[in-house]
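FYI, the numbering for the sequence shown is 760 to 1274, going by the numbering used here. All residues carry an ideal CB built from backbone N, CA and C; glycine is no exception. Treat the numbers as computed from the prediction; the structure is a model and nothing was measured. I have placed the structure first, in the form of C-alpha coordinates, so that the comments after it can refer back to it.
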Amino acid sequence: MKPYAPYPLNLLRDWIERHQWRSRLALALVLIPWFGHFAYTRITTGPVRPRDDSCANDAVRPSDPAVDRTADLIAAFKSVPIPAALPYPTTAPAGYAWVGAYEYRSAEPGRKIRAISPNGSTFSLSPTTALVGEWTPQRRHHLAEIVAWLEEPETRAALDRIVELSDKPFCIPDKVSESDRSGPDWIREVTGVLRARARYWMAERNDFDRALRDLDTSLNLAAGIEDDGLLMRLYVGSNCRRELFDELLCWSREFSFTRAQARSLQDMLVRHRRDLAALWEATVLGERQRGQAEVDRLFARRGERGWMVLYDIRSDNGRHKASGLLNLLSPLFDDRDAACDCVRRFWDEQDRQMKRLQHRRPTFAKRESSHVCCDPLDGKPTLPFLPGQTRQLAEKLCLSDLYHNTLTGGVIAAMHLAAYRQDHGHYPAALSLLVPDYLEQLPADPFSDQPLRYRLISQGDYVLYSVYTDGRDDRGRRDRGPEGTRDTVLENTREQAGSDEFILVPVAQTRPSRP
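Okay, structure coming up:
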(Lines of atoms letter the chains of each structure in order from A and count residues from 1; the text may use other names and numbers.)
(Lines give C-alpha, C1' and ligand atoms only; values in the text may rest on other atoms or scores of the structure.)
Protein backbone atom coordinates (compact mmCIF):
# COMPACT_ATOMS: atom_id res chain seq x y z
CA MET A 1 0.00 0.00 0.00
CA LYS A 2 1.41 3.41 -1.02
CA PRO A 3 1.87 5.91 1.78
CA TYR A 4 -0.52 8.77 1.62
CA ALA A 5 0.17 12.34 2.62
CA PRO A 6 -2.00 15.38 1.95
CA TYR A 7 0.54 17.15 -0.18
CA PRO A 8 -0.24 18.70 -3.59
CA LEU A 9 2.12 16.40 -5.51
CA ASN A 10 0.64 13.31 -3.97
CA LEU A 11 -2.85 14.55 -4.73
CA LEU A 12 -1.84 15.11 -8.35
CA ARG A 13 -0.32 11.63 -8.49
CA ASP A 14 -3.47 10.04 -7.15
CA TRP A 15 -5.62 11.97 -9.63
CA ILE A 16 -3.45 10.83 -12.55
CA GLU A 17 -3.64 7.21 -11.40
CA ARG A 18 -7.43 7.38 -11.16
CA HIS A 19 -7.72 9.07 -14.59
CA GLN A 20 -4.84 7.52 -16.56
CA TRP A 21 -6.51 7.59 -19.95
CA ARG A 22 -7.53 11.25 -19.52
CA SER A 23 -4.00 12.32 -18.51
CA ARG A 24 -2.43 10.41 -21.38
CA LEU A 25 -4.86 11.95 -23.82
CA ALA A 26 -4.06 15.43 -22.51
CA LEU A 27 -0.33 14.80 -22.85
CA ALA A 28 -0.82 13.47 -26.36
CA LEU A 29 -2.90 16.50 -27.36
CA VAL A 30 -0.07 18.75 -26.18
CA LEU A 31 3.08 16.83 -27.12
CA ILE A 32 2.15 15.40 -30.51
CA PRO A 33 1.31 18.78 -32.14
CA TRP A 34 4.35 20.35 -30.51
CA PHE A 35 6.72 17.63 -31.73
CA GLY A 36 5.05 17.58 -35.13
CA HIS A 37 5.54 21.31 -35.50
CA PHE A 38 9.14 20.99 -34.26
CA ALA A 39 9.96 18.20 -36.72
CA TYR A 40 8.20 19.92 -39.62
CA THR A 41 10.07 23.19 -39.15
CA ARG A 42 13.41 21.44 -38.75
CA ILE A 43 12.92 19.37 -41.89
CA THR A 44 11.44 22.00 -44.19
CA THR A 45 12.82 25.36 -43.03
CA GLY A 46 15.87 26.62 -44.89
CA PRO A 47 18.59 29.02 -43.81
CA VAL A 48 18.28 32.79 -43.86
CA ARG A 49 20.32 33.01 -47.06
CA PRO A 50 20.24 30.31 -49.76
CA ARG A 51 23.48 28.43 -50.05
CA ASP A 52 25.30 29.16 -53.30
CA ASP A 53 28.86 29.56 -54.56
CA SER A 54 28.18 32.22 -57.14
CA CYS A 55 30.13 35.07 -55.57
CA ALA A 56 33.37 35.49 -53.72
CA ASN A 57 32.76 38.60 -51.66
CA ASP A 58 30.20 41.22 -52.59
CA ALA A 59 31.90 43.83 -50.41
CA VAL A 60 35.06 43.96 -52.52
CA ARG A 61 33.49 44.11 -55.95
CA PRO A 62 34.31 47.27 -57.93
CA SER A 63 31.77 49.90 -56.92
CA ASP A 64 31.48 51.35 -60.42
CA PRO A 65 30.01 48.87 -62.93
CA ALA A 66 31.48 50.98 -65.71
CA VAL A 67 35.05 49.97 -64.73
CA ASP A 68 34.33 46.40 -63.61
CA ARG A 69 35.80 44.07 -66.24
CA THR A 70 35.04 40.79 -64.45
CA ALA A 71 32.68 39.53 -67.16
CA ASP A 72 35.18 40.34 -69.91
CA LEU A 73 38.01 38.63 -68.05
CA ILE A 74 35.93 35.50 -67.43
CA ALA A 75 35.03 35.42 -71.12
CA ALA A 76 38.74 35.67 -71.95
CA PHE A 77 39.52 32.80 -69.56
CA LYS A 78 36.88 30.63 -71.20
CA SER A 79 38.15 31.49 -74.68
CA VAL A 80 41.54 29.87 -74.03
CA PRO A 81 41.32 26.62 -76.02
CA ILE A 82 41.74 23.44 -73.99
CA PRO A 83 44.48 21.21 -75.41
CA ALA A 84 42.91 18.10 -76.88
CA ALA A 85 44.00 14.56 -76.04
CA LEU A 86 46.78 13.65 -78.44
CA PRO A 87 47.86 10.25 -79.79
CA TYR A 88 51.21 8.74 -78.97
CA PRO A 89 53.91 9.77 -81.48
CA THR A 90 53.93 7.37 -84.42
CA THR A 91 56.77 8.75 -86.52
CA ALA A 92 60.30 9.81 -85.71
CA PRO A 93 63.18 11.21 -87.77
CA ALA A 94 65.36 8.68 -89.53
CA GLY A 95 67.67 6.93 -87.10
CA TYR A 96 65.65 7.91 -84.01
CA ALA A 97 62.84 6.43 -81.91
CA TRP A 98 60.51 7.61 -79.14
CA VAL A 99 60.96 6.24 -75.61
CA GLY A 100 59.31 6.97 -72.28
CA ALA A 101 61.08 9.60 -70.18
CA TYR A 102 60.91 7.42 -67.07
CA GLU A 103 62.62 4.47 -68.74
CA TYR A 104 65.13 6.80 -70.37
CA ARG A 105 66.21 8.27 -67.04
CA SER A 106 66.17 5.01 -65.09
CA ALA A 107 67.97 2.86 -67.70
CA GLU A 108 71.39 1.56 -66.73
CA PRO A 109 74.37 2.74 -68.79
CA GLY A 110 74.77 0.66 -71.92
CA ARG A 111 71.34 -0.96 -71.60
CA LYS A 112 68.92 -0.47 -74.46
CA ILE A 113 65.62 1.30 -73.81
CA ARG A 114 62.29 -0.12 -74.91
CA ALA A 115 60.69 2.01 -77.63
CA ILE A 116 57.06 2.98 -77.15
CA SER A 117 54.28 1.28 -79.05
CA PRO A 118 51.64 3.68 -80.49
CA ASN A 119 48.74 1.15 -80.24
CA GLY A 120 46.20 3.98 -80.50
CA SER A 121 46.78 5.34 -76.98
CA THR A 122 46.40 9.04 -76.19
CA PHE A 123 47.77 11.40 -73.57
CA SER A 124 46.57 14.67 -72.04
CA LEU A 125 48.58 17.79 -72.72
CA SER A 126 49.21 20.22 -69.87
CA PRO A 127 50.71 23.61 -70.84
CA THR A 128 52.63 23.80 -67.56
CA THR A 129 54.75 20.87 -68.77
CA ALA A 130 56.75 23.57 -70.55
CA LEU A 131 57.93 24.78 -67.12
CA VAL A 132 59.96 21.62 -66.35
CA GLY A 133 62.94 20.05 -68.05
CA GLU A 134 65.26 21.45 -70.68
CA TRP A 135 63.88 23.49 -73.54
CA THR A 136 64.41 20.90 -76.28
CA PRO A 137 61.19 20.61 -78.29
CA GLN A 138 63.13 18.69 -80.93
CA ARG A 139 63.57 15.80 -78.44
CA ARG A 140 60.52 16.25 -76.17
CA HIS A 141 57.24 15.37 -77.87
CA HIS A 142 55.08 17.00 -75.17
CA LEU A 143 57.03 20.25 -75.37
CA ALA A 144 56.78 20.34 -79.17
CA GLU A 145 53.00 19.97 -78.93
CA ILE A 146 52.82 22.76 -76.33
CA VAL A 147 54.82 25.06 -78.60
CA ALA A 148 52.41 24.29 -81.44
CA TRP A 149 49.44 24.97 -79.14
CA LEU A 150 50.89 28.31 -77.99
CA GLU A 151 51.40 29.35 -81.61
CA GLU A 152 47.79 28.65 -82.60
CA PRO A 153 45.94 31.90 -83.45
CA GLU A 154 43.09 31.13 -81.02
CA THR A 155 45.49 30.60 -78.12
CA ARG A 156 47.48 33.73 -78.87
CA ALA A 157 44.36 35.87 -79.21
CA ALA A 158 42.85 34.59 -75.94
CA LEU A 159 46.05 35.12 -73.94
CA ASP A 160 46.59 38.56 -75.47
CA ARG A 161 43.05 39.48 -74.40
CA ILE A 162 43.86 38.42 -70.83
CA VAL A 163 47.02 40.53 -70.95
CA GLU A 164 44.91 43.51 -71.99
CA LEU A 165 42.39 43.08 -69.16
CA SER A 166 44.64 41.95 -66.31
CA ASP A 167 45.28 45.43 -64.89
CA LYS A 168 41.58 46.39 -64.88
CA PRO A 169 39.33 46.06 -61.78
CA PHE A 170 37.87 42.56 -61.43
CA CYS A 171 36.53 40.14 -58.83
CA ILE A 172 36.36 36.56 -60.09
CA PRO A 173 33.43 34.68 -58.45
CA ASP A 174 33.85 31.26 -56.91
CA LYS A 175 31.64 29.65 -59.53
CA VAL A 176 32.11 30.82 -63.10
CA SER A 177 30.75 27.82 -65.01
CA GLU A 178 29.20 24.41 -64.56
CA SER A 179 32.66 22.83 -64.50
CA ASP A 180 34.49 21.96 -61.30
CA ARG A 181 36.93 24.84 -61.72
CA SER A 182 36.39 27.74 -59.33
CA GLY A 183 37.57 31.32 -59.67
CA PRO A 184 40.92 30.65 -57.95
CA ASP A 185 41.35 27.57 -60.17
CA TRP A 186 41.05 29.77 -63.25
CA ILE A 187 43.68 32.16 -61.89
CA ARG A 188 46.12 29.34 -61.11
CA GLU A 189 45.68 27.76 -64.53
CA VAL A 190 45.95 31.00 -66.49
CA THR A 191 49.03 32.23 -64.61
CA GLY A 192 50.65 28.85 -65.28
CA VAL A 193 49.94 29.17 -69.00
CA LEU A 194 51.32 32.72 -69.01
CA ARG A 195 54.53 31.55 -67.33
CA ALA A 196 54.84 28.80 -69.93
CA ARG A 197 54.38 31.30 -72.74
CA ALA A 198 56.91 33.65 -71.14
CA ARG A 199 59.48 30.86 -71.22
CA TYR A 200 58.50 30.21 -74.82
CA TRP A 201 59.17 33.85 -75.70
CA MET A 202 62.61 33.70 -74.09
CA ALA A 203 63.78 30.24 -75.15
CA GLU A 204 62.14 29.96 -78.57
CA ARG A 205 61.96 33.56 -79.78
CA ASN A 206 64.45 35.45 -77.58
CA ASP A 207 61.77 38.11 -77.11
CA PHE A 208 62.37 39.65 -73.68
CA ASP A 209 59.70 42.35 -73.97
CA ARG A 210 56.86 39.90 -74.63
CA ALA A 211 58.10 37.58 -71.90
CA LEU A 212 58.16 40.49 -69.46
CA ARG A 213 54.62 41.42 -70.48
CA ASP A 214 53.32 37.91 -69.70
CA LEU A 215 55.10 37.90 -66.34
CA ASP A 216 53.62 41.29 -65.52
CA THR A 217 50.18 39.93 -66.40
CA SER A 218 50.67 36.99 -64.03
CA LEU A 219 51.51 39.37 -61.20
CA ASN A 220 48.50 41.54 -62.06
CA LEU A 221 46.21 38.51 -61.76
CA ALA A 222 47.86 37.44 -58.50
CA ALA A 223 47.45 40.93 -57.04
CA GLY A 224 43.85 41.08 -58.25
CA ILE A 225 42.83 37.90 -56.46
CA GLU A 226 44.75 38.90 -53.31
CA ASP A 227 42.70 42.10 -53.17
CA ASP A 228 39.43 40.15 -53.03
CA GLY A 229 39.43 40.31 -49.23
CA LEU A 230 39.32 36.55 -48.61
CA LEU A 231 41.99 34.56 -46.83
CA MET A 232 41.99 31.62 -49.24
CA ARG A 233 42.39 33.95 -52.21
CA LEU A 234 45.30 35.65 -50.47
CA TYR A 235 46.96 32.22 -50.30
CA VAL A 236 46.23 31.59 -53.99
CA GLY A 237 47.80 34.90 -54.99
CA SER A 238 50.86 34.19 -52.84
CA ASN A 239 51.33 30.78 -54.48
CA CYS A 240 51.09 32.33 -57.94
CA ARG A 241 53.77 34.83 -56.98
CA ARG A 242 56.07 32.16 -55.59
CA GLU A 243 55.77 30.02 -58.71
CA LEU A 244 56.69 33.04 -60.83
CA PHE A 245 59.70 33.80 -58.59
CA ASP A 246 60.87 30.19 -58.92
CA GLU A 247 60.64 30.51 -62.70
CA LEU A 248 62.67 33.72 -62.71
CA LEU A 249 65.36 32.14 -60.54
CA CYS A 250 65.72 29.44 -63.21
CA TRP A 251 65.91 32.12 -65.90
CA SER A 252 68.88 33.70 -64.14
CA ARG A 253 70.85 30.52 -64.85
CA GLU A 254 69.42 29.65 -68.28
CA PHE A 255 69.40 32.99 -70.11
CA SER A 256 71.66 35.98 -70.56
CA PHE A 257 70.42 39.40 -69.48
CA THR A 258 71.72 42.88 -70.08
CA ARG A 259 71.81 45.48 -67.34
CA ALA A 260 68.77 47.19 -68.83
CA GLN A 261 66.79 43.94 -68.88
CA ALA A 262 67.74 43.13 -65.30
CA ARG A 263 66.66 46.64 -64.33
CA SER A 264 63.31 46.17 -66.12
CA LEU A 265 62.67 42.96 -64.19
CA GLN A 266 63.61 44.70 -60.96
CA ASP A 267 61.23 47.58 -61.66
CA MET A 268 58.42 45.11 -62.35
CA LEU A 269 58.99 43.24 -59.07
CA VAL A 270 59.25 46.45 -57.05
CA ARG A 271 56.06 47.75 -58.64
CA HIS A 272 54.23 44.58 -57.61
CA ARG A 273 55.63 44.45 -54.08
CA ARG A 274 52.60 43.95 -51.87
CA ASP A 275 51.61 45.80 -48.69
CA LEU A 276 50.78 43.24 -46.01
CA ALA A 277 49.08 45.80 -43.75
CA ALA A 278 46.66 46.89 -46.48
CA LEU A 279 46.01 43.29 -47.55
CA TRP A 280 45.36 42.24 -43.97
CA GLU A 281 42.93 45.09 -43.38
CA ALA A 282 40.97 44.14 -46.51
CA THR A 283 41.12 40.45 -45.59
CA VAL A 284 39.79 40.98 -42.06
CA LEU A 285 36.95 43.13 -43.39
CA GLY A 286 36.13 40.63 -46.11
CA GLU A 287 36.32 37.60 -43.81
CA ARG A 288 34.06 39.25 -41.24
CA GLN A 289 31.45 39.86 -43.92
CA ARG A 290 31.93 36.38 -45.34
CA GLY A 291 31.57 34.93 -41.85
CA GLN A 292 28.25 36.73 -41.39
CA ALA A 293 27.11 35.51 -44.81
CA GLU A 294 28.14 31.95 -43.95
CA VAL A 295 26.20 32.12 -40.70
CA ASP A 296 23.20 33.22 -42.77
CA ARG A 297 23.73 30.16 -44.98
CA LEU A 298 24.12 27.80 -42.01
CA PHE A 299 21.49 29.00 -39.56
CA ALA A 300 17.75 29.61 -39.66
CA ARG A 301 16.34 32.69 -37.98
CA ARG A 302 13.78 32.61 -35.21
CA GLY A 303 13.45 36.09 -33.76
CA GLU A 304 16.86 37.04 -32.41
CA ARG A 305 18.09 33.45 -32.37
CA GLY A 306 18.25 30.61 -34.85
CA TRP A 307 19.14 26.96 -35.21
CA MET A 308 21.70 25.28 -37.43
CA VAL A 309 20.51 23.81 -40.72
CA LEU A 310 22.47 20.65 -41.44
CA TYR A 311 23.58 19.98 -45.00
CA ASP A 312 24.54 16.86 -46.89
CA ILE A 313 27.88 17.53 -48.60
CA ARG A 314 28.01 14.09 -50.23
CA SER A 315 25.51 14.95 -52.93
CA ASP A 316 26.35 14.98 -56.63
CA ASN A 317 28.43 17.81 -58.12
CA GLY A 318 29.34 19.06 -54.66
CA ARG A 319 25.94 20.73 -54.24
CA HIS A 320 24.67 21.28 -50.71
CA LYS A 321 21.23 19.94 -49.87
CA ALA A 322 19.37 20.05 -46.59
CA SER A 323 19.68 16.78 -44.68
CA GLY A 324 16.00 16.53 -43.72
CA LEU A 325 15.56 14.32 -40.67
CA LEU A 326 19.14 14.96 -39.54
CA ASN A 327 18.05 18.50 -38.72
CA LEU A 328 16.23 17.08 -35.70
CA LEU A 329 19.70 17.06 -34.10
CA SER A 330 20.15 20.78 -34.64
CA PRO A 331 19.51 21.75 -30.96
CA LEU A 332 22.84 20.05 -30.18
CA PHE A 333 24.75 22.76 -32.07
CA ASP A 334 25.40 26.43 -31.42
CA ASP A 335 22.57 28.82 -32.01
CA ARG A 336 22.80 31.76 -34.38
CA ASP A 337 23.76 34.32 -31.75
CA ALA A 338 26.62 32.17 -30.49
CA ALA A 339 27.87 31.63 -34.04
CA CYS A 340 27.90 35.36 -34.83
CA ASP A 341 29.70 36.08 -31.58
CA CYS A 342 32.29 33.39 -32.34
CA VAL A 343 33.04 34.91 -35.76
CA ARG A 344 33.43 38.37 -34.24
CA ARG A 345 35.73 37.21 -31.42
CA PHE A 346 37.84 35.11 -33.79
CA TRP A 347 38.71 37.96 -36.15
CA ASP A 348 39.12 40.46 -33.31
CA GLU A 349 41.78 38.22 -31.83
CA GLN A 350 43.54 37.70 -35.17
CA ASP A 351 43.54 41.44 -35.82
CA ARG A 352 45.12 42.12 -32.42
CA GLN A 353 47.83 39.54 -33.05
CA MET A 354 48.65 40.92 -36.50
CA LYS A 355 48.98 44.50 -35.23
CA ARG A 356 51.18 43.28 -32.39
CA LEU A 357 53.46 41.37 -34.78
CA GLN A 358 53.77 44.22 -37.26
CA HIS A 359 55.30 46.42 -34.56
CA ARG A 360 58.04 43.88 -33.79
CA ARG A 361 58.49 41.80 -36.92
CA PRO A 362 62.29 41.35 -36.69
CA THR A 363 61.92 39.81 -33.22
CA PHE A 364 59.10 37.64 -34.50
CA ALA A 365 61.18 36.43 -37.43
CA LYS A 366 64.05 35.26 -35.24
CA ARG A 367 62.34 33.88 -32.16
CA GLU A 368 58.76 32.97 -32.84
CA SER A 369 58.30 31.78 -36.39
CA SER A 370 60.39 28.62 -35.99
CA HIS A 371 57.56 26.95 -34.08
CA VAL A 372 54.64 28.38 -36.05
CA CYS A 373 54.13 25.16 -38.01
CA CYS A 374 54.07 22.96 -34.94
CA ASP A 375 51.00 24.24 -33.05
CA PRO A 376 47.93 21.97 -32.96
CA LEU A 377 44.79 22.63 -34.91
CA ASP A 378 42.13 24.56 -33.05
CA GLY A 379 39.15 24.61 -35.39
CA LYS A 380 35.43 24.89 -34.63
CA PRO A 381 33.40 22.01 -36.08
CA THR A 382 30.10 23.90 -36.27
CA LEU A 383 31.71 26.79 -38.18
CA PRO A 384 33.76 25.04 -40.88
CA PHE A 385 34.51 28.27 -42.73
CA LEU A 386 36.77 29.53 -39.92
CA PRO A 387 40.45 28.64 -40.42
CA GLY A 388 41.67 25.75 -38.31
CA GLN A 389 44.91 27.39 -37.19
CA THR A 390 43.15 29.89 -34.98
CA ARG A 391 46.02 30.97 -32.74
CA GLN A 392 48.72 31.09 -35.41
CA LEU A 393 46.98 32.58 -38.44
CA ALA A 394 48.53 36.05 -38.09
CA GLU A 395 51.97 34.54 -37.44
CA LYS A 396 51.73 32.39 -40.54
CA LEU A 397 50.81 35.33 -42.73
CA CYS A 398 53.69 37.40 -41.35
CA LEU A 399 56.09 34.54 -41.98
CA SER A 400 54.73 34.12 -45.49
CA ASP A 401 55.21 37.82 -46.16
CA LEU A 402 58.81 37.71 -44.94
CA TYR A 403 59.49 34.76 -47.22
CA HIS A 404 57.82 36.60 -50.09
CA ASN A 405 60.15 39.57 -49.55
CA THR A 406 63.10 37.17 -49.43
CA LEU A 407 62.16 35.76 -52.83
CA THR A 408 61.66 39.23 -54.29
CA GLY A 409 65.11 40.36 -53.20
CA GLY A 410 66.65 37.06 -54.27
CA VAL A 411 65.20 37.27 -57.78
CA ILE A 412 66.45 40.84 -58.16
CA ALA A 413 69.94 39.81 -57.05
CA ALA A 414 69.93 36.73 -59.30
CA MET A 415 68.99 38.77 -62.37
CA HIS A 416 71.80 41.24 -61.77
CA LEU A 417 74.19 38.34 -61.18
CA ALA A 418 73.18 37.06 -64.62
CA ALA A 419 73.87 40.50 -66.09
CA TYR A 420 77.28 40.57 -64.36
CA ARG A 421 78.09 37.16 -65.85
CA GLN A 422 77.03 38.45 -69.28
CA ASP A 423 79.43 41.39 -68.97
CA HIS A 424 82.41 39.67 -67.33
CA GLY A 425 82.08 35.99 -68.25
CA HIS A 426 81.88 34.84 -64.62
CA TYR A 427 80.05 35.52 -61.37
CA PRO A 428 81.43 38.04 -58.85
CA ALA A 429 83.47 36.90 -55.88
CA ALA A 430 81.14 38.82 -53.54
CA LEU A 431 77.62 40.18 -53.86
CA SER A 432 78.85 43.64 -52.90
CA LEU A 433 80.62 43.91 -56.28
CA LEU A 434 77.20 44.49 -57.86
CA VAL A 435 76.99 47.89 -56.13
CA PRO A 436 76.72 50.52 -57.58
CA ASP A 437 77.02 49.51 -61.25
CA TYR A 438 74.17 46.96 -61.11
CA LEU A 439 72.37 47.51 -57.81
CA GLU A 440 71.95 50.68 -55.82
CA GLN A 441 72.01 48.62 -52.64
CA LEU A 442 72.11 44.95 -51.75
CA PRO A 443 68.73 43.24 -51.17
CA ALA A 444 68.06 42.78 -47.48
CA ASP A 445 67.45 39.47 -45.75
CA PRO A 446 64.12 39.99 -43.91
CA PHE A 447 65.16 37.37 -41.33
CA SER A 448 68.30 39.23 -40.25
CA ASP A 449 69.83 42.69 -40.14
CA GLN A 450 72.13 41.95 -43.08
CA PRO A 451 71.78 41.49 -46.86
CA LEU A 452 71.05 38.14 -48.45
CA ARG A 453 73.97 35.75 -48.19
CA TYR A 454 76.01 34.84 -51.26
CA ARG A 455 78.70 32.19 -51.64
CA LEU A 456 80.66 31.63 -54.84
CA ILE A 457 81.19 27.93 -55.51
CA SER A 458 83.01 28.25 -58.84
CA GLN A 459 83.28 30.74 -61.67
CA GLY A 460 80.01 29.38 -63.04
CA ASP A 461 78.06 28.54 -59.90
CA TYR A 462 76.98 30.17 -56.64
CA VAL A 463 74.59 29.83 -53.72
CA LEU A 464 72.20 32.65 -52.79
CA TYR A 465 70.34 32.13 -49.52
CA SER A 466 68.61 33.54 -46.45
CA VAL A 467 69.37 32.53 -42.86
CA TYR A 468 65.60 32.04 -42.37
CA THR A 469 63.93 31.81 -38.97
CA ASP A 470 66.79 30.77 -36.69
CA GLY A 471 68.97 33.71 -37.79
CA ARG A 472 72.01 31.44 -38.08
CA ASP A 473 74.25 31.43 -41.15
CA ASP A 474 74.89 27.83 -42.22
CA ARG A 475 76.51 28.85 -45.51
CA GLY A 476 73.58 27.65 -47.56
CA ARG A 477 73.52 24.09 -46.25
CA ARG A 478 70.16 22.33 -46.18
CA ASP A 479 71.01 19.31 -44.02
CA ARG A 480 71.07 20.84 -40.52
CA GLY A 481 68.30 20.86 -37.96
CA PRO A 482 64.56 20.32 -38.31
CA GLU A 483 62.50 21.91 -41.03
CA GLY A 484 62.19 25.64 -40.44
CA THR A 485 65.70 26.08 -38.98
CA ARG A 486 67.79 25.50 -42.12
CA ASP A 487 68.98 28.16 -44.49
CA THR A 488 66.55 28.95 -47.30
CA VAL A 489 68.48 28.49 -50.54
CA LEU A 490 67.02 30.32 -53.53
CA GLU A 491 67.10 27.46 -56.02
CA ASN A 492 67.84 28.21 -59.65
CA THR A 493 67.66 24.70 -61.10
CA ARG A 494 64.60 23.42 -62.92
CA GLU A 495 62.79 20.16 -62.24
CA GLN A 496 63.30 17.28 -64.62
CA ALA A 497 60.79 16.55 -67.36
CA GLY A 498 57.80 14.49 -66.30
CA SER A 499 58.06 10.71 -66.27
CA ASP A 500 55.08 10.39 -68.64
CA GLU A 501 56.74 12.31 -71.49
CA PHE A 502 58.29 10.93 -74.67
CA ILE A 503 61.96 11.50 -75.47
CA LEU A 504 63.66 11.13 -78.86
CA VAL A 505 66.81 8.96 -78.76
CA PRO A 506 68.96 7.22 -81.41
CA VAL A 507 67.63 3.86 -82.56
CA ALA A 508 70.89 2.23 -81.49
CA GLN A 509 69.93 2.91 -77.85
CA THR A 510 66.50 1.27 -78.14
CA ARG A 511 65.00 -2.19 -78.39
CA PRO A 512 61.65 -3.19 -79.88
CA SER A 513 58.56 -2.79 -77.74
CA ARG A 514 56.68 -5.80 -76.48
CA PRO A 515 53.90 -7.04 -78.78
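Quiz item: Say the cut is 7 Å; is the CB of A1267 nearer than that to a heavy atom of the ligand GDP?
Solution: This structure does not include the ligand GDP; it has no bound ligands of any sort.
Quiz item: What are the start and end residues of each continuous alpha helix (DSSP H) run of 4 or more residues lying completely inside the region 916 to 967, in chain order?
Solution: Counting only runs of 4 or more, we get 942 to 959.
Exercise. Please check the pair T881 and A853, which I expect to be a contact at CB under 8 Å, by giving their CB distance rounded to whole angstroms.
Key: Rounded to whole angstroms, the Cβ separation of T881 and A853 is 25 Å, and the two are not in contact under 8 Å.
Self-check item: For S1023, the nearest candidate out of F1004, D975 and R1231 (CA to CA)
Solution: Sorting F1004, D975 and R1231 by C-alpha distance to the C-alpha of S1023 places D975 at the top.
Quiz prompt | Other residues of its chain near R1126: CB distance less than 7 Å, five sequence neighbours each side excluded | solution = Because R1126 carries a pLDDT of 43, less than 50, the predicted location of this residue cannot be relied on, and the following value inherits that uncertainty. Closer than 7 Å at Cβ, skipping near neighbours: no residue.
Quiz item: DSSP three-state call for P1210: helix, strand or coil?
Solution: In the structure shown, the three-state DSSP call for P1210 is strand.
Exercise. Please check the pair V858 and T1269, which I expect to be a contact at CB under 8 Å, by giving their CB distance rounded to whole angstroms.
Key: Correct: roughly 6 Å between the Cβ atoms.
Quiz item: So Y1227 packs on G1235, CB below 8 Å; how close in whole Å?
Solution: That pair is no contact at about 11 Å.
Quiz item: Would you report the Cα separation of S1191 and G892, rounded to the nearest angstrom?
Solution: If you take the alpha carbons of S1191 and G892, they lie about 32 Å apart.
Quiz item: P1265: buried (16+ other C-beta within 10 angstroms of its C-beta) or exposed?
Solution: Exposed is the call here.
Quiz item: Between the region 1150 to 1165 and the region 1200 to 1219, do three or more beta carbon pairs fall short of 8 Å?
Solution: Yes: the two stretches touch, three or more of their Cβ pairs being nearer than 8 Å.
Exercise. Leaving aside the five residues before and after P848 along the sequence, list all residues of the same chain whose C-beta is less than 8 Å from its C-beta, in chain order.
Key: Taking P848 as the centre and dropping the five residues before and after it, the same chain places the C-beta of W857, I875, P877, H900 and F1261 closer than 8 Å to its C-beta, in chain order.
Quiz item: Near V1102, which residues of its chain fall below 6 Å by C-beta distance, leaving aside the five closest residues on each side in sequence?
Solution: These residues qualify, in order along the chain: G1050.
Exercise. Return the chain-ordered list of same chain residues with a C-beta closer than 6 Å to the C-beta of E1053, the five sequence neighbours on each side being excluded.
Key: Within the same chain, E1053 has close Cβ partners F1144.
Quiz item: Can you tell me the Cα-Cα spacing of D1005 and C999, whole angstroms?
Solution: A straight-line Cα-Cα distance of about 10 Å links D1005 and C999.
Self-check item: C-beta atoms of G988 and T1042 nearer than 8 Å
Solution: In contact: G988 and T1042 (Cβ atoms closer than 8 Å).
Quiz item: Buried or exposed: D1259, going by 16 or more other Cβ atoms within 10 Å of its Cβ?
Solution: Result: exposed.
Quiz item: So, are the CB atoms of S1015 and A1177 less than 8 Å apart?
Solution: Taking 8 Å as the cut-off, the beta carbon of S1015 is found closer than this to the beta carbon of A1177.
Quiz prompt | Check whether T887 and A970 have beta carbons under 8 Å apart | solution = Contact: no.
Practice problem: Starting from the C-beta of R1001, find all residues in its chain whose C-beta is less than 7 Å away, skip the five residues before and the five after it, and write them out in chain order. | Solution: Around R1001: L1166.
Quiz item: Fully enclosed by the region 961 to 1003, which alpha helix (DSSP H) runs are 4 residues long or longer?
Solution: If we require 4 residues or more, the alpha helix (DSSP H) runs fully inside the region 961 to 1003 come out as 967 to 985.
Exercise. Please say whether D1094 and W1066 have beta carbons closer to each other than 8 Å?
Key: Against a cut-off of 8 Å, the Cβ pair of D1094 and W1066 comes out as a contact.
Quiz item: Which same chain residues, not among the five before or five after L1215, have their C-beta less than 7 Å away from its C-beta?
Solution: When the five nearest sequence neighbours on each side are left out, the beta carbons in the same chain lying within less than 7 Å of the beta carbon of L1215 are those of Y1186, A1188 and Y1221, in order along the chain.
Practice problem: Note down the Cα distance separating K1114 from W1106, rounded to an integer number of angstroms. | Solution: Taking the straight line joining both Cα atoms gives about 12 Å.
Exercise. Could you have a look at V1264 and say whether DSSP puts it in helix, strand or coil?
Key: V1264 falls in the strand class under three-state DSSP.
Quiz item: In chain order, what residues of the same chain have a beta carbon less than 7 Å from the beta carbon of A835, not counting five sequence neighbours either side?
Solution: If we look at A835 and ignore the five residues flanking it on each side, its Cβ neighbours are A917, R920, I921 and L924.
Quiz item: Looking at the structure shown, is N1076 part of a helix, part of a strand, or coil, going by DSSP?
Solution: Its pLDDT being 45, under 50, N1076 is placed unreliably by the model, and nothing is read from it.
Quiz item: Is it right to say S997 is buried, meaning 16 or more other beta carbons lie within 10 angstroms of its own, or is it exposed?
Solution: Classification for S997: buried.
Exercise. Taking 8 Å as the cut-off, decide whether the C-beta atoms of A982 and R1032 are in contact.
Key: No; because the gap between Cβ atoms is not below 8 Å, this pair is not in contact.
Practice problem: Pull up the distance between the alpha-carbon of E948 and that of V995, whole angstroms please. | Solution: Cα-Cα distance, rounded: 11 Å.
Quiz item: Alpha carbon to alpha carbon, how far is S1207 from G1230?
Solution: Taking the straight line joining both Cα atoms gives about 6 Å.
Quiz prompt | Supposed contact pair L993 and S977 - C-beta distance, whole angstroms, cut 8 Å | solution = No, S977 and L993 are not in contact; Cβ-Cβ is about 16 Å, not under 8 Å.
Self-check item: Opening and closing residue of the beta strand (DSSP E) in which Y861 lies
Solution: Segment A860 to S865 is the alpha helix (DSSP H) holding Y861; no beta strand (DSSP E) there.
Quiz prompt | Which of helix, strand or coil DSSP assigns to P806 | solution = In the three-state scheme derived from DSSP, where H, G and I count as helix and E and B as strand, P806 is classed as coil.
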